[in-house]
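J.: Each residue of the sequence shown is one higher than the last, beginning at 28 in this note's numbering. Where a beta carbon is used, it is the ideal one built from N, C-alpha and C, also for glycine.
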Amino acid sequence: MKRRNADCSKLRRPLKRNRITEGIYSSTFLYLKFLVVWVLVLLADFVLEFRFEYLWPFWLFIRSVYDSFRYQGLAFSVFFVCVAFTSDIICLLFIPVQWLFFAASTYVWVQYVWHTERGVCLPTVSLWILFVYIEAAIRFKDLKNFHVDLCRPFAAHCIGYPVVTLGFGFKSYVSYKMRLRKQKEVQKENEFYMQLLQQALPPEQQMLQRQEREAEEGILPYYSV
Numbered sequence: 028m029k030r031r032n033a034d035c036s037k038l039r040r041p042l043k044r045n046r047i048t049e050g051i052y053s054s055t056f057l058y059l060k061f062l063v064v065w066v067l068v069l070l071a072d073f074v075l076e077f078r079f080e081y082l083w084p085f086w087l088f089i090r091s092v093y094d095s096f097r098y099q100g101l102a103f104s105v106f107f108v109c110v111a112f113t114s115d116i117i118c119l120l121f122i123p124v125q126w127l128f129f130a131a132s133t134y135v136w137v138q139y140v141w142h143t144e145r146g147v148c149l150p151t152v153s154l155w156i157l158f159v160y161i162e163a164a165i166r167f168k169d170l171k172n173f174h175v176d177l178c179r180p181f182a183a184h185c186i187g188y189p190v191v192t193l194g195f196g197f198k199s200y201v202s203y204k205m206r207l208r209k210q211k212e213v214q215k216e217n218e219f220y221m222q223l224l225q226q227a228l229p230p231e232q233q234m235l236q237r238q239e240r241e242a243e244e245g246i247l248p249y250y251s252v
């Protein structure tokens, strides 16, 4: 028996080590993939003179419109499109061009890394710092190599669409909290009226209900011998 236990303990240690190494390899591969995608998109931006990263929020917007039309109807989807378009127009008119491009590119890459399941950790923060540094030091001042008039509406959408989604998310959160509060108030009122009804019953009926409640809860009454 001792030999078998020793063999089992020896087998468990390599399994744990293999899981740890697999997790490290998968995380490093994931962040290397992010870096490769980022470099390829920057090269495509420089060669073709267009900010291709701005197309990702536009694709998310199309998916959101489709989901809203599918689950909440045509009226809500039209309202959502109008609100998003208004937010884009406001960002396009009132934000300077350089700051608009900087904020749009930074948001796209930060949000792209944030969509992973890793959460906030050292590699994620390192990638965020790298993205912000490249955008602020190099691309913030170099707008001559891009079609500014073509990229500017997409850049405004990269800022306007997240503002709209945050607004709808805050609205749903507030409505959820108000619904929970209303449910608690109704529950307290129901318990109060139920207690009044129970107190209005005869004593024998109250005793029977108490015994039934104790039997349902699994509490056996104690009888003295």
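1. Mind checking which residues open and close the alpha helix (DSSP H) that includes residue 185?
2. If you compare alpha carbons, which of 104, 123, 157 is closest to residue 93?
3. Starting from the Cα of residue 110, find the closest Cα among 195, 212, 234 and give me that residue.
4. Would you call the CB atoms of residue 184 and residue 84 closer than 8 Å?
5. With residue 120 and residue 179 assumed to form a contact (beta carbons below 8 Å), what rounded beta-carbon distance in angstroms separates them?
6. Exposed or buried, what is residue 140 when buried is set at 16 or more other beta-carbons lying within 10 Å of its beta-carbon?
7. Less than 6 Å between C-beta atoms, sequence neighbours within five positions excluded: which residues of the same chain meet that for residue 88?
8. When you compare only the Cα positions, how much space is there between residue 228 and residue 242?
9. Could you tell me the distance, in whole angstroms, from the CA atom of residue 149 to the CA atom of residue 79?
10. Within the same chain, show all residues whose beta-carbon is closer than 8 Å to that of residue 247, passing over the 5 residues directly before and after it, in chain order.
T.: Let's see:
1. One-based indexing of the sequence shown puts residue 185 at position 158. Looking at the DSSP string, the run of the alpha helix (DSSP H) that includes residue 185 is 175-227.
2. Within the sequence shown, the letter at position 66 stands for residue 93. Residue 93 has its Cα closest to that of 104, out of 104, 123, 157.
3. Within the sequence shown, the letter at position 83 stands for residue 110. Here the closest residue by C-alpha is 195.
4. To locate residue 184, count along the sequence shown from 1; it is residue 157. To locate residue 84, count along the sequence shown from 1; it is residue 57. Yes.
5. Numbered from its first residue, the sequence shown carries residue 120 at position 93. Numbered from its first residue, the sequence shown carries residue 179 at position 152. Wrong, their Cβ atoms sit about 11 Å apart, outside the cutoff.
6. Position 113 of the sequence shown, counted from the first residue, corresponds to residue 140. Burial call: buried.
7. On the sequence shown, residue 88 is found 61 positions in, with the first residue counted as 1. Excluding positions up to five away in sequence, the list reads 188.
8. Mapped onto the sequence shown, residue 228 falls at position 201. Mapped onto the sequence shown, residue 242 falls at position 215. Those two C-alpha atoms are separated by around 20 Å.
9. In the sequence shown, the residue the question calls residue 149 occupies position 122. In the sequence shown, the residue the question calls residue 79 occupies position 52. Spanning the two alpha carbons is a distance of roughly 27 Å.
10. Counting from one through the sequence shown, the residue named residue 247 turns up at place 220. Annotation note: pLDDT 48 at residue 247 (below 50); position unreliable, coordinate value reported separately. Hits under 8 Å: 241.
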